[in-house]
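Taking it in order: structure first as structure tokens, then the write-up.
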Amino acid sequence: MSTQPTRKPDPGDRQLMTLPRIAEMKRDGEPIVMVTAYDYPSAQMVDEAGVDIVLVGDTAAMVVLGHPATTPVGMDEMLMMTSAVRRGLDRPLLIGDMPFGSYETSNEQAIENAQRFVKEAGCDAVKLERGGASVDRARAIVRSGIPVMGHVGLTPQTATALGGFKAQGRTAEAAAKLTEDALALQSVGCFAIVFEAIPSAVTEALMPRLKIPVIGIGAGPATDGQVLVLHDLLGVYEGHTPKFIKRYANIREETLKGVRGYAEEVRTRKFPDEDEHTYSIPPEELEEYARYLEEESLVGTDTPWDW
Ligand code: KIV
Numbered sequence: 003m004s005t006q007p008t009r010k011p012d013p014g015d016r017q018l019m020t021l022p023r024i025a026e027m028k029r030d031g032e033p034i035v036m037v038t039a040y041d042y043p044s045a046q047m048v049d050e051a052g053v054d055i056v057l058v059g060d061t062a063a064m065v066v067l068g069h070p071a072t073t074p075v076g077m078d079e080m081l082m083m084t085s086a087v088r089r090g091l092d093r094p095l096l097i098g099d100m101p102f103g104s105y106e107t108s109n110e111q112a113i114e115n116a117q118r119f120v121k122e123a124g125c126d127a128v129k130l131e132r133g134g135a136s137v138d139r140a141r142a143i144v145r146s147g148i149p150v151m152g153h154v155g156l157t158p159q160t161a162t163a164l165g166g167f168k169a170q171g172r173t174a175e176a177a178a179k180l181t182e183d184a185l186a187l188q189s190v191g192c193f194a195i196v197f198e199a200i201p202s203a204v205t206e207a208l209m210p211r212l213k214i215p216v217i218g219i220g221a222g223p224a225t226d227g228q229v230l231v232l233h234d235l236l237g238v239y240e241g242h243t244p245k246f247i248k249r250y251a252n253i254r255e256e257t258l259k260g261v262r263g264y265a266e267e268v269r270t271r272k273f274p275d276e277d278e279h280t281y282s283i284p285p286e287e288l289e290e291y292a293r294y295l296e297e298e299s300l301v302g303t304d305t306p307w308d309w
């Protein structure tokens with residue numbers, strides 16, 4: 003276990019992210035950078051790297067917890083990860099992703115769980131998926147005083163109903179439905195919206211209708227900002243990677259290299275190094291300890307393990 007690191011001082015010119023600041027970035031045409039994070043060290047790193055919005059996404063179910071879909075993750079797991087991310091962040095806006103089953107039943111359930119993200123995990127806002135019935139839930143949460151980010155297009159929580167993890171809005175009818183959902187979410191007060199896996203021409207055509215910031219993932223370059231899953235962009239996750247993902251590092255390779263190097267040095271007794279990685283004891287204390295070992299009859303301790 004490492005000792006507790008000290009936070010790097012803030013460079014000073016970085017503004018605290020707020021909802022008005024995010025809206026201002028859209029107005030000024032300044033691209034908004036959003037990324038996911040799921041724990042304390044990655045939160046510290048994405049903050050230091052200067053991102054604007056951090057989402058503790060329910061993609062955690064897949065990239066952190068090893069499930070084949072996002073649906074199995076629950077509120078308690080999301081809150082545990084989100085609280086850890088909160089402790090690692092100073093500047094970006096923190097959004098908690100409402101997991102499948104945490105908001106669909108009623109507006110009361112949606113408000114209660116959104117409040118848990120704020121009260122127990124220190125979130126600035128929550129995100130929920132889909133239009134349709136989710137519009138009512140978004141309205142209720144916004145009215146309760148909690149900012150909401152919408153999410154349309156490919157909505158992984160309902161991927162089975164959408165026919166799998168595939169692009170949405172690829173027919174005029176599907177694009178019109180997506181448009182209705184996005185505009186409805188805007189009209190009930192969502193402060194921003196995620197467009198996922200949508201043809202870039204559809205995004206481009208729809209952008210002038212949206213006054214709120216649109217954050218894209220697989221929705222082309224016309225959006226106000228982009229979001230990627232941290233484990234995808236860093237090359238940590240091995241599972242299915244959609245076309246829209248770009249890798250900026252290969253952390254999986256680096257991790258394998260590091261752990262293999264460690265294992266090799268343990269097996270060849272190169273690690274730990276007698277001088278570099280060990281503690282000392284004053285010689286007189288060591289002598290006294292040696293006398294103790296000689297004087298006490300310490301042999302023959304009982305052990306239940308008799309292999
Ligand atoms: O859960 C998640 O990580 C997301 C992003 C992909 C937007 O919803």
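The sequence shown begins at 3 in our numbering and counts up one residue at a time. Glycine residues also receive a C-beta, built at the ideal position from the N, C-alpha and C atoms.
Q. Can you tell which of 32, 146, 88 and 196 has its C-alpha closest to the C-alpha of residue 156?
A. Per the Cα distances, 196.
(Q) Counting beta carbon pairs with one atom in the segment 21 to 29 and one in the segment 198 to 207, are three or more of them shorter than 8 Å? (A) no
Q: Put residue 120 into one of helix, strand or coil per three-state DSSP.
A: helix
**Q.** Three-state secondary structure assigned by DSSP to residue 142
**A.** helix
Q: Just mark residue 258 as buried or exposed, buried being the case when its beta carbon has 16 or more other beta carbons within 10 Å.
A: exposed
Q: Output the residue ranges of the alpha helix (DSSP H) runs that lie fully inside the segment 171 to 231 and measure 4 residues or longer, sorted by chain position.
A: 174 to 189 and 202 to 208
Q) How about residue 158: is its Cβ closer than 8 Å to a heavy atom in the ligand KIV? A) yes
**Q.** Contact test: residue 180 Cβ vs the ligand KIV heavy atom, cutoff 8 Å
**A.** no
Q. Got a sec: does the ligand KIV put a non-hydrogen atom nearer than 8 Å to the Cβ of residue 153?
A. yes
Q. How long is the line joining the alpha carbons of residue 17 and residue 263, rounded to whole angstroms?
A. 41 Å
(Q) Please determine whether the Cβ atom of residue 57 lies at a distance below 8 Å from any heavy atom of the ligand KIV. (A) yes
Q: Pull up the distance between the alpha-carbon of residue 217 and that of residue 261, whole angstroms please.
A: If I take the Cα positions, the gap works out to 36 Å.
Q: Could you say which of 276, 132, 173 and 232 lies nearest to residue 204 if we only look at CA atoms?
A: For the residues 276, 132, 173 and 232, the minimum Cα distance to residue 204 belongs to 173.
**Q.** Cβ-heavy atom distance, residue 231 to the ligand KIV, below 8 Å
**A.** yes
Q: On a CA-only basis, which of 304, 63 and 123 is nearest residue 158? Give me that one, please.
A: 63
Q: Have a look at the DSSP bridge pairing and note the partners of residue 36.
A: 55 and 229
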